[in-house]
Amino acid sequence: MLFFISSNGAYLSNQWWWILGAIIPIMVLGAGLGILNIGIDEFIDPRLKEVKPKVIPEKIVILEEQEIIEVPMLGNYKNRK
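Read in the numbering used here, the sequence shown has 65 at position 53, and its numbers run on one by one without any break.
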């Protein structure tokens, strides 16, 4: 398709949009291969996998209803300054 565009002078005859028919599939293919590469890297390389933090249940008091409910909180917030 690029051959026909360049040999018929579509660039010069104000028909430049013909090249989009060739460029858009190439861009979609490149983006798809890039996303596939990222997915394979995360699946194979254990260093790239997400580390799930421990959930520490903490008790907080809701002032409106005066009830105690357990809410999971991430990390250790007791030693924060």
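Idealized CB from N, CA, C, for every residue including glycine.
Residue i lies in the alpha helix (DSSP H); which residues open and close that run?
| i | result |
| --- | --- |
| Asp53 | Leu32 to Ile56 |
Looking only at its own chain, which residues have a Cβ that is under 8 Å from the Cβ of residue i, when we skip the five neighbours before and after it?
| i | result |
| --- | --- |
| Gly51 | none |
| Lys93 | With a pLDDT of 48 at Lys93, under the threshold of 50, the predicted position of this residue should be treated as unreliable, though the coordinate-derived value follows. Cβ neighbours of Lys93 beyond the five flanking positions: none. |
Residue i: which of the options sits nearest, CA to CA?
| i | options | result |
| --- | --- | --- |
| Phe15 | Ala34, Leu24, Asn26 and Ser25 | Ala34 |
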